[in-house]
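Report on the structure given below.
2 protein chains.
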Amino acid sequence: MDGYDKYAFEPFAVTVDLAVFTLRAGALHVLLVERGREPYAGQWALPGGFVRPDESAESAARRELGEETGLTDVSGLHLEQLRTYSEPDRDPRMRVVSVAFAALLPDAPEAHGGSDAAQARWTPYGSVRDLAFDHGRILADARERVGAKLEYTCLATAFCPPEFTLGELQQVYEAVWGTALDRPNFRRKVLATPGFVEAVPGAARLTGGRGKPAALYRAGTAAALHPPLLRPTPEGRPA
Amino acid sequence: MDGYDKYAFEPFAVTVDLAVFTLRAGALHVLLVERGREPYAGQWALPGGFVRPDESAESAARRELGEETGLTDVSGLHLEQLRTYSEPDRDPRMRVVSVAFAALLPDAPEAHGGSDAAQARWTPYGSVRDLAFDHGRILADARERVGAKLEYTCLATAFCPPEFTLGELQQVYEAVWGTALDRPNFRRKVLATPGFVEAVPGAARLTGGRGKPAALYRAGTAAALHPPLLRPTPEGRPA
DNA sequence: GCAAAAGTGTTTCTCATACACCCATGA
DNA sequence: TCATGGGTGTATGAGAAACACTTTTGC
Chain P
1 MDGYDKYAFE PFAVTVDLAV FTLRAGALHV LLVERGREPY AGQWALPGGF
51 VRPDESAESA ARRELGEETG LTDVSGLHLE QLRTYSEPDR DPRMRVVSVA
101 FAALLPDAPE AHGGSDAAQA RWTPYGSVRD LAFDHGRILA DARERVGAKL
151 EYTCLATAFC PPEFTLGELQ QVYEAVWGTA LDRPNFRRKV LATPGFVEAV
201 PGAARLTGGR GKPAALYRAG TAAALHPPLL RPTPEGRPA
Chain C
1001 MDGYDKYAFE PFAVTVDLAV FTLRAGALHV LLVERGREPY AGQWALPGGF
1051 VRPDESAESA ARRELGEETG LTDVSGLHLE QLRTYSEPDR DPRMRVVSVA
1101 FAALLPDAPE AHGGSDAAQA RWTPYGSVRD LAFDHGRILA DARERVGAKL
1151 EYTCLATAFC PPEFTLGELQ QVYEAVWGTA LDRPNFRRKV LATPGFVEAV
1201 PGAARLTGGR GKPAALYRAG TAAALHPPLL RPTPEGRPA
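Sequences listed follow chains P and C, in order. Position 51 (the first sequence) corresponds to 51 in our numbering; numbering is contiguous. Position 140 (the second sequence) corresponds to 1140 in our numbering; numbering is contiguous.
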């Protein structure tokens, strides 16, 4: 059992699948591609592809992220491994083990499918239906993970451009959690956490056309939130 | 790139590696096996093995858990996927992608290596040194994950036998976190969380030979802890 | 002036912390 | 009776929630 004959077993293919999230008009969107061939031809799926012989799953995920979004520089984007899906029958053609990742984008340029012929499109999270393979489950797992990490990490700034207002940061939480938050309390909480955000002195921006211009902030250096910013009593939350 | 020629790529081997934790005499222990062959012959490593063509990584992990611990029934044990390690050079012989798992055991029977010739041994977490491959990192990641999940899930009961005292449950937290906790407050916190533990009426057990016998509890049905039981200010905790 | 959005102040209540104290048992 | 571990009570303070209120802008 500890032997290493390369061809002793049916070969495994190793792929990456990406749940790429962004915020558009205050709503959570996810990047989907339309499948061009069987199985699941014509259905939507998460972007992804094979891990090449000389790269890690992380490298493959970042490469695919660049190809599918059409962005030239994806080096600064948040990319995080979720878990690996390995049910023997998850792909009807052969044994495919897939390492799933979540990626967060500040802005959402219209996706153009990269080099693949596949069509890529930003879709509101709420209207996603019937993804190919087990991608529906992967996407749900990804959203749950991102929602959970908003509670105890500074992850929310990964959804924001380099300079952002506290209102925009709050929109991230509200979009991912699907709940409204009290603005004064949110503000106090964020500013009271050292290293979460740092003020850009003097800078301000008008957000809704009207109203007082909001002060601008940059992402801070902290990674964790102490104490956490808990969701408003979701009662029975999965572990 | 979207083709599915089974042999178009150098084959990947897919393995599972297990970080199996238990508590012995109030201290966190890990199950290690001694490697019998190159590379890393004679060094200690995490137990693990190949994923077979007809099983998922989860199935493979549970099978290995039974083989390595020598336990006949591992169906009720807590087993949790951590992440996948896929650096191209992590195994010098060929391309091996490994899905890492953490497992928690209530009691620690002396391990007898199962069917493999390899020697298996429980080792205090603090005295683990120089594991083979990237197993040192996997083990560190596993402990961090388990420590974090103690905060906001009921995971701690997975370290305990079917009936346990609150003192034993507290020892789990103290051993994994490496900190002392206030007993009265710990007790209140646990009992105030619905579904964490349920009392066994009338049952009691002497723990240290002396002292008042402690009431017995069973694991409850809840999975998550609301609000969480936070570690005493670890300051800069990784996300 | 009015609507809209940012930002401040204040009150109330919950809960974590710290620590003093009592109870039951074996030696 | 004393040491040991289980279990209870309580004062204090920090922080979260709720909401009233002020400020600055465009129309």
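Every residue, glycine too, gets a C-beta built ideally from N, C-alpha and C.
Comparing alpha-carbon positions, the option among C/Leu1079, C/Asp1054, C/Thr1221 and C/Arg1024 lying closest to tryptophan 1122 of chain C turns out to be C/Arg1024. Runs of the alpha helix (DSSP H) spanning 4 or more residues and lying entirely within the region 157-184 of chain P occur at 166-177, in chain order.
With 16 or more other Cβ atoms inside 10 Å of its own Cβ, threonine 84 of chain P counts as buried. Under the Cβ distance rule, phenylalanine 1159 of chain C does not count among the residues neighbouring chain P, no pair being separated by less than 8 Å.
The C-beta of glutamine 1081 of chain C comes closer than 8 Å to at least one C-beta of chain P. Exposed is the label assigned to arginine 93 of chain P, since fewer than 16 other Cβ atoms lie within 10 Å of its Cβ. Below 8 Å, enough C-beta pairs join the region 1187-1196 of chain C and the region 1218-1232 of chain C to call them touching: three or more. The beta-carbon of aspartate 1054 of chain C is placed less than 8 Å from the nearest beta-carbon of chain P.
DSSP, reduced to helix, strand and coil, places valine 1074 of chain C outside both helices and strands of the structure shown, so it counts as coil. DSSP places threonine 1193 of chain C in the coil class of the three-state scheme, outside both helix and strand. In the three-state reduction of the DSSP assignment, alanine 1025 of chain C falls in the coil class.
Contact of arginine 1095 of chain C with chain P is assigned, a C-beta pair being separated by under 8 Å. Approximately 11 Å separates the beta-carbon atoms of leucine 46 of chain P and alanine 61 of chain P; this is outside 8 Å, ruling out the contact. Taking a beta-carbon distance threshold of 8 Å, serine 86 of chain P counts as an interface residue toward chain C. Each of P/Gln171, P/Phe101 and P/Ala142 was checked against the Cα of alanine 156 of chain P, and the nearest Cα belongs to P/Gln171.
Per DSSP, leucine 1104 of chain C is not a residue of any alpha helix (DSSP H); the beta strand (DSSP E) it occupies stretches across 1096-1105. Within 10 angstroms of the beta-carbon of proline 162 of chain P lie fewer than 16 other beta-carbons, which makes it exposed. Contacts with chain P at 8 Å (Cβ-Cβ) include leucine 1230 of chain C. Taking a 10 Å sphere around the C-beta of arginine 1129 of chain C, we find fewer than 16 other C-beta atoms and assign the residue as exposed. Annotation: Cβ neighbours of alanine 57 of chain P in chain C (cutoff 8 Å, chain order): Thr1084, Ser1086 and Val1097. For glutamate 174 of chain P, the CB contacts under 8 Å within the same chain, skipping 5 residues up- and downstream, are Gly26, Ala180 and Leu181 in chain order. Between the beta-carbon of glycine 49 of chain P and that of threonine 15 of chain P there is about 6 Å, and that keeps the pair under the 8 Å contact cut. DSSP places leucine 1065 of chain C in no beta strand (DSSP E) but in the uninterrupted alpha helix (DSSP H) bounded by 1057-1069.
Neighbours of valine 1190 of chain C in chain P, taken as residues at a C-beta separation under 8 Å, are lacking, since the least C-beta distance is about 16 Å. Excluding sequence positions up to five before and after lysine 149 of chain P, its CB lies within less than 7 Å of the CB of Leu155, all in the same chain and listed in chain order. One alpha carbon belongs to glycine 1202 of chain C, the other to arginine 1218 of chain C, and they sit about 13 Å apart.
Rounded to whole angstroms, the gap between the alpha carbons of glycine 1147 of chain C and arginine 210 of chain P is 47 Å.
Arginine 1090 of chain C places its beta carbon 8 Å or farther from that of valine 1099 of chain C.
Looking only at C/Glu1168, C/Arg1063 and C/Thr1022, the smallest Cα-Cα distance to serine 1075 of chain C is reached by C/Arg1063.
If the five residues before and after glutamine 1043 of chain C are omitted, its C-beta is found closer than 6 Å to the C-beta atoms of Arg1035 and Ala1132, all from its own chain and listed in chain order.
Shortest Cα-Cα distance from alanine 215 of chain P to any of P/Asn185, P/Ala223 and P/Glu168 involves P/Glu168. Proximity to leucine 1028 of chain C across C/Gly1220, C/Trp1177, C/Ala1223 and C/Lys1189 peaks at C/Trp1177, based on C-alpha coordinates. At a cut-off of 8 Å between beta-carbon atoms, proline 1227 of chain C makes contact with chain P. Think of a sphere of 8 Å around the beta carbon of valine 1128 of chain C: no beta carbon from chain P falls inside it, the nearest being about 21 Å out.
The C-beta of leucine 1206 of chain C has fewer than 16 other C-beta atoms within 10 Å across all chains shown, which makes the residue exposed. In terms of CA proximity to arginine 188 of chain P, P/Leu166 leads the group P/Gly66, P/Val200 and P/Leu166.
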